[in-house]
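Read the structure below first, then the notes.
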Amino acid sequence: MSPALIAALPFLGAALPALLIRTGRNNAAAASALITGLALLGLLLHLPTVLAGGVVESRIDWLPWLGLNVNFWIDGLGMLFATLILGIGLLIILYARYYLSNKDPVGQFYTYLLLFQGAMVGIVLSDNILLLLIFWELTSLSSFLLIGYWKHLPEGRQGARMALTVTGLGGLSMIAGMLILGNIVGSYDISEILKHKDMIQASPLYLPALLLILGGAFTKSAQFPFHFWLPRAMAAPTPVSAYLHSATMVKAGLFLMARMWPVLAGTPEWFYIVAGVGLITMLIAAKIAIFKHDMKALLAYSTVSHLGLITFMLGLGTQAGALAAVFHIINHATFKAALFMSAGIVDHEAGTRDLTRVSGLRKLMPITFTIATIAALSMAGIPLFNGFLSKEMMLEAAAHTAWLGNAWIVPALATLAALFSATYAFRFISHGFFGPVSKDLPKTPHDPSFGMWFSPAFLVVLVLAIGVFPMAVAGPYVQMATNAVVGGGYHMHALKIWHGVTPALIMSAIAVTGGLVLLAAHAPLQRLWDGMPRPDAKVIFDWIVAQVQGLSDWITQGLNNGAMARYLMLFTVASVGAGIYAFTTGAMGPQTRALTPVNGAAVTAWLLLLTATGCIVAFHHNRILALVLIGIVGLTVSMSFIYLSAPDLALTQISVEVVTAVLMLLALNFLPKVTRIESSRFKISFDVALSVVAGIAVSGLIYALMMRDFAFPSMSGYMLANSYNLAGGDNVVNVILVDFRGYDTYGEITVLGIAALVIFALTETLLQGASSRKLIAWRPDVARGGDKHPLILLIVTRVMMPIALVVGLYIFLRGHNEPGGGFIAGLVVAIALVTQYMASGFAWTQARQKVYYHVLIASGVLVAGVTGAGAFFNDMPFLTSDFGYFKLPGLEKFELATAAGFDLGVFLGVVGSVMLALGGLSRLARRAAMGEQDGEEGAHIVAEKPEARVLAPLAAGPYPPEAKVPRRWWSTARAAQEATRAERDQVHENKMKNKEEDH
Amino acid sequence: MEVLVSSAIGVLTAAGIYMILRLRTFPVVIGMSLLSYGVNVFLFATGRLVVNQPPILREGVTSYTDPIPQALVLTAIVISFGMTAVVVMLALGAFIEAGDDRIDLDESEGDQ
């Protein structure tokens, strides 16, 4: 099975348990086990190759230019970890089936578990650090889901958040470190990086990269001072604790250190940081574990301590250290997972796992007692159990390690840590399983069913087998993985129980004896411990989080206070500032172009534009006037386009101008017709100053640009030269749109369609509920013309309609060679349709309109896409066009290009979008007109919903009373209008009153 | 000619920014339209000003204006219509729902 498939299997299978849970818990569990088993089988099929020193690879290029490839490999280290992950995963799946209760969402659990498993396998099999980082983050996310699985428990949620915060931050730091590393080597493939030890260690960026990567590894593996999250994560269900927090996820950090060992280890920095942190963690966590009453908390701290041990071993940078680390990874995974599951069984059967409450379980639960004792003795480091062997190796290595020239401090601390470790292991057994049988437990405990004790039993069999026959059972695996850690060429001495009386054996004996002594003295020590003030990690963590959150709140609230005008102001200031900075610090080349001569027409247009723009600013309070003025600006711009050799732009601009004006008028129908002066004089002066500065800056920039030639040769030359040869079109702008840059256009019509659909959705919302009632209650605030549909307009537009359509068709057809094309033709046809709506009314037109505009949009995008995809049949890339010349009898020779099909899509998309957008606004107007009508329909709705009248009628925008109505010319018109309106309201109300009385 | 075009772009931009800084939706929409004109003409002018040389291929003609900015601006014009339409609709919806066309939230609303 390909390594990529092994990593993908758990992800692919993750949906199964969620689906199968409806058929029962057994099926969900069986499906998960099947998936895991398949992946494990596929993995183990490669075992002979890997044991023989080979590497299995599968490589898929994903984003090669980023160095991000989906490269997987199975080497010795990956094989060891993947076996642990999948093997223990299988056991956990079985255990969880019996551990979780009927009330728990079991399907969810297995789905999360498989996701997590896939992410873990992905980490250990990745041969690309960027890919590894993706899986790394996935483990953080999926473990968040698993830790917080019992959503009703606050500790679970808090623990999950804390774990995610700490490991997530570590992951960020690791991303930075990995990027540096990849940059030094020039490749992101791990197999490639591992070949460049000297290059990496000689780099000045070695230390930053090391620190950042260790940041990721230490947080994930709960090393001091990031150890605090792991005990809090114990709020998770026990199968999760056993799987994530003893056997797999917390080992990801160790895996990473082991993976990078060949290139990062061996320097003093590595030794002092990694070995130092490992040793401190081992010691501190072991000490805390002694005093924990909760079995799981005790095990959690002991896990932290053992992770410290492995980190310490990796930190030594010697082959003996690497061997001890690898061996202890295996041993710890077996005995610690078994211990967690035993604690879970106790909790499950007794209803509590508090060591001060349970005791004497030996008599009630003999099987559990046997399992737990074997595992705990292994943890304590007693001979004939596997924990002894790797602990001996650790002590042996420690005995030969000098710290800053001091030969005894490391051995002493290591012995002390081993002593603490023996103490809590003994305590776990003696307090929980020996002593008098406890009476006041929530449930009377007894051994669980076979399904629940099988998994830990299987593991303790391994504990014993490795402990007694280390070389036969684990030897090849250890050799294989250690060889991978040290970078090849490693030959292990046989693993043996008896090495003679060595310093390690003496240290071990001290540790075990000392452990027994401390256990005897536990009660007074516990009182001493309880009396001691200790920093609470959660309080510190919460404080930091609160501070950071406060800071981010402060920044967000300060910047993002809901005042749009201020955002826009800040944005303008920032852009202008950046521009001025760039201008003052940069250099500018000499002018290379002469001014183009000016004629009278240009000056006239310029004056017109400036006057109209100035008038908009001056008179914008009169909104209708502003709309008229902006039309003038638009038309002037269109004319300038014609003059400046851009006929297509001119056609587009002028037709967009028309639909925009209609759009704004429809909106203005509802909006207040006048903007009052609200801004203070200061704000106005400031805004004027700001916009003048911005205007001058933009003006200067474009002037400077226009007076210089291109700094680099433009690609326009290519397009002009090839427009006819490659795309068969003379109109280069149109050819660019439908051919050279067809992809952009395709995206463009899609966006336009989405915009129209957004408008449609907004309209639908507004036509329901309270806003609909407000619309019905709405009455026009300006006097209406007497004739709704003037006859002349009506007739002229109906006569014009076919002509306009023919013009649209003509513009469309000639677009490839002459000014025109799908965009412009679409706009022209849309205008033709809109005039019908305007002249004949929405209802009349809609009744004769047989095609939904949605369909037009969809078919536009579809036609363009299908035309583009047609290129596939000629083995060409998407949107490559083809063309040819044809001759039909009776007609001149003419050209057919596939680009025309694409342009047809553009045309349909534009017509549909424009019409749907404008149609939306008209529907609002129509709903509002219902209230106005005296006809049956409107009255009907009002009668049905009498509250519609009462509901806040649309007032002309609640201004503060002191806001001034600007300009003298407004007041008279306004007064006249308001008089008419009041009169009309009066009439209307009377009518309504009469009607109500009739009823 | 360059002076006229660059000053026109400057005026359009300045007016657009001034209008955008107003407090009601309609002037802001007007401001956005003005700014769109300014930006479109700006983009167009990056192709340098050329008179009477449209990019329509003809026998015997050898020099044409730069077609790329034109293609860019053509799509920009159409897209800015789509954008204006959405913004207008949002403004209208907000006005109908809230009975108010202010663009700023009040202090209390801002906290939500």
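As you go down the protein sequences, you meet chains R and G in turn.
For the first sequence, position 861 matches number 860 in numbering that gives the first Met the number 0, and the numbering has no gaps at all.
For the second sequence, position 25 matches number 24 in numbering that gives the first Met the number 0, and the numbering has no gaps at all.
Each residue gets a CB set at the ideal place from its N, CA and C atoms; glycine is no exception.
On the DSSP bridge assignment, give the partners of residue i in chain order.
i        : result
R/Trp402 : R/Asn405
G/Phe41  : G/Phe41 is not bridged to any residue.
G/Arg101 : G/Arg23
R/Asn127 : R/Asp188
R/His621 : Looking at the sequence shown, residue 621 of chain R is not His but Asn. Partner(s): R/Val673.
G/Ile55  : R/Asn730
R/Ala896 : R/Phe882
R/Asp353 : R/Asp293
Quick check on residue i: buried or exposed, where buried means 16 or more other Cβ atoms within 10 Å of its Cβ?
i        : result
R/Tyr851 : exposed
R/Ala508 : exposed
R/Leu662 : buried
R/Ser839 : buried
R/Trp61  : exposed
R/Arg926 : buried
R/Glu391 : buried
R/Phe570 : exposed
G/Leu20  : buried
R/Ile465 : buried
R/Leu550 : exposed
R/Ser970 : Confidence is the limiting factor: at R/Ser970 the pLDDT is only 49, short of 50, which leaves the residue's position unreliable and the question unanswerable from this model.
R/Asp346 : buried
R/Gly86  : buried
How would you list, in chain order, the residues of chain G whose beta-carbon sits under 8 Å from the beta-carbon of residue i?
i         : result
R/Val862  : By Cβ distance, chain G contributes nothing, its closest Cβ being about 17 Å from R/Val862, past 8 Å.
R/Arg680  : Near R/Arg680 there are no residues of chain G at all, since even the closest Cβ is about 14 Å away, more than 8 Å.
R/Ile1007 : No answer is possible for residue 1007 of chain R: the residues shown for chain R start at 0 and end at 998.
R/Asp74   : By Cβ distance, chain G contributes nothing, its closest Cβ being about 51 Å from R/Asp74, past 8 Å.
R/Thr612  : Val10, Leu11, Ala14 and Leu33
In chain G, which residues lie with their C-beta within 7 Å of the C-beta of residue i?
i        : result
R/Asn730 : Ile55
R/Ala710 : Within chain G, no residue comes near R/Ala710; the closest Cβ sits about 12 Å away, beyond 7 Å.
R/Gly918 : Within chain G, no residue comes near R/Gly918; the closest Cβ sits about 11 Å away, beyond 7 Å.
R/Gln652 : Ile76
R/Asp686 : Tyr17 and Leu20
R/Trp605 : Leu3 and Ala7
Tell me, please, whether the CB atom of residue i is closer than 8 Å to any CB atom in chain C?
i        : result
R/Ile189 : Absent from the structure is chain C; the protein chains it does hold are R and G.
What does residue i touch in chain G if you count any residue whose Cβ is under 9 Å from its own?
i        : result
R/Pro671 : Arg23, Phe25, Phe94 and Asp100
R/Tyr723 : Leu56
R/Arg258 : In chain order: nothing, as chain G lies at least about 48 Å away.
List the residues of chain R that residue i touches, going by C-beta distances under 9 Å, in chain order.
i       : result
G/Met18 : Ile615, Val616, His619, Ala625 and Ser690
G/Met31 : Within chain R, no residue comes near G/Met31; the closest Cβ sits about 10 Å away, beyond 9 Å.
Strictly below 7 Å CB to CB, what residues from chain R border residue i?
i       : result
G/Gly59 : Within chain R, no residue comes near G/Gly59; the closest Cβ sits about 13 Å away, beyond 7 Å.
Would you say the beta carbon of residue i comes nearer than 7 Å to a heavy atom of the ligand SAM?
i        : result
R/Ala720 : This structure lacks the ligand SAM, and indeed carries no ligand of any kind.
Start-end ranges of the beta strand (DSSP E) lying completely within the stretch 22 to 76 of chain R, minimum 3 residues:
Unbroken beta strand (DSSP E) stretches of 3 residues or longer found wholly inside the stretch 22 to 76 of chain R: 55 to 62 and 67 to 73, given in chain order.
### Query
Could you give the uninterrupted runs of the alpha helix (DSSP H) lying entirely in the stretch 251 to 333 of chain R, keeping only those of 4 residues or more?
260 to 263, 275 to 289 and 294 to 315
For the stretch 801 to 819 of chain R against the stretch 728 to 740 of chain R, do three or more pairs of beta-carbon atoms, one drawn from each stretch, fall closer than 8 Å, so that the two count as touching?
yes
| Is the stretch 365 to 381 of chain R touching the stretch 113 to 120 of chain R, taking contact as three or more C-beta pairs under 8 Å? | Judged by Cβ distances under 8 Å, the stretch 365 to 381 of chain R makes no contact with the stretch 113 to 120 of chain R, as fewer than three pairs qualify.
Handout entry: Contact the stretch 142 to 160 of chain R vs the stretch 186 to 197 of chain R: 3+ CB pairs below 8 Å
Key = Flag = no, the stretch 142 to 160 of chain R and the stretch 186 to 197 of chain R do not touch.
message = Report the start-end ranges of each alpha helix (DSSP H) in the stretch 696 to 729 of chain R that is 4 residues or longer and not cut off at the edges.
response = For secondary structure counted as the alpha helix (DSSP H) over 4 or more consecutive residues, the stretch 696 to 729 of chain R holds these complete runs in sequence order: 715 to 726.
Would you mind listing the beta strand (DSSP E) stretches within the stretch 861 to 885 of chain R that are 3+ residues and don't spill past its ends, in chain order?
-> Within the stretch 861 to 885 of chain R, the complete beta strand (DSSP E) runs of at least 3 residues fall at 882 to 885.
- Is the stretch 441 to 460 of chain R close to the stretch 308 to 324 of chain R, with three or more CB pairs under 8 Å? no
Item to check | Stretch pair the stretch 665 to 678 of chain R + the stretch 910 to 923 of chain R: three plus CB contacts closer than 8 Å | outcome: yes
* Asked: Does the stretch 203 to 222 of chain R come close enough to the stretch 173 to 186 of chain R that 3 or more CB-CB pairs lie under 8 Å?
  -> yes
Validate contact between the stretch 242 to 255 of chain R and the stretch 97 to 111 of chain R using beta carbons, cut 8 Å, 3 pairs:
Remark: fewer than three beta-carbon pairs, one from each stretch, lie closer than 8 Å, so the stretch 242 to 255 of chain R and the stretch 97 to 111 of chain R are not flagged as touching.
inquiry  = Check whether the stretch 30 to 40 of chain G and the stretch 49 to 57 of chain G touch, using three or more Cβ-Cβ pairs below 8 Å as the test.
reply    = Because the criterion of three Cβ pairs below 8 Å is not met, the stretch 30 to 40 of chain G and the stretch 49 to 57 of chain G do not touch.
* Touching by the beta-carbon criterion (3+ pairs, under 8 Å), the stretch 128 to 141 of chain R and the stretch 42 to 58 of chain R -> With a cut-off of 8 Å on Cβ pairs, the stretch 128 to 141 of chain R is not in contact with the stretch 42 to 58 of chain R, counting fewer than three such pairs.
Does the stretch 279 to 288 of chain R come within contact of the stretch 411 to 418 of chain R, defined as at least 3 CB pairs closer than 8 Å? yes
Notebook entry, point to check: Should the stretch 90 to 103 of chain G be regarded as contacting the stretch 64 to 82 of chain G, the criterion being three or more beta carbon pairs within less than 8 Å?
Noted result: Using a Cβ-Cβ distance cut-off of 8 Å, the stretch 90 to 103 of chain G and the stretch 64 to 82 of chain G are not in contact, since fewer than three pairs of beta carbons, one from each stretch, lie closer than that value.
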